[in-house]
Amino acid sequence: MRDDQVKDHWDIMAAGVSHNGRYKTVESHVYEGEDCLLVREENHPRDKHAVQLHTLNGHMVGYVPKEHAEKLSGYLDDGCHLYNAFFSRILRQGKYPIPCVRINVYLSSAQLDDRILRKHSVIKHAPTGKHRSSRTKGRVSWITWIVLAIILWWCFS
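The letter at position 94 of the sequence shown is residue 78 when you use my numbering, and the numbering goes up by one with no holes.
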């Protein structure tokens, strides 16, 4: 992959980790180097550009900070860009562990390895509404599970 194929990139610290006990999810389900899924939450009550951060298993661990979410959500919403994101490190010095995420958005013409890419349309919308039942928190669409199964089959076959 060439640097000229990257349209934009961010190195962020997840926001909202202490809310709703998400730090417990970080402690038990986030690993450095693991892929991170970006999920748009268009109906967020306070931020129309909200982008959730999920593990591959569908656990929601926080948000892209507001100062980066507007531009990133535009890339995700237009449907033309590929991205990859991964948990680059976990900060453990404070009261709660905070995952750091590296996000790369690629030019639509980029020739990239499918194993490291996620097309946002697979997981474009997060569940909406102010109050979600515990059954829907962190749920990722069934399409994502199919894509994950195909990737795992391809890697181990």
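Don't be surprised by glycine CBs; every beta carbon is placed ideally from N, CA and C.
Note that this is a predicted model, so its numbers are computed, not measured.
Is Ser12 helix, strand or coil when you go by DSSP?
-> helix
Contacting residues, own chain, Cβ-Cβ under 7 Å from Ala34 (five flanking each side not counted) | Glu25, His28, Tyr47, Ala53
8 Å Cβ cutoff met for Gly5 and Phe71 = no
Counting along the chain, where does the beta strand (DSSP E) carrying Ser72 start and finish?
-> 66 to 75
Give the straight-line distance between the Cα atoms of Ala133 and Glu51, rounded to the nearest whole angstrom.
-> 34 Å
Is Gln77 buried or exposed, if buried means 16 or more other CB atoms sit within 10 Å of its CB?
-> exposed
Simplified DSSP assignment, three categories, for Gly46 = strand
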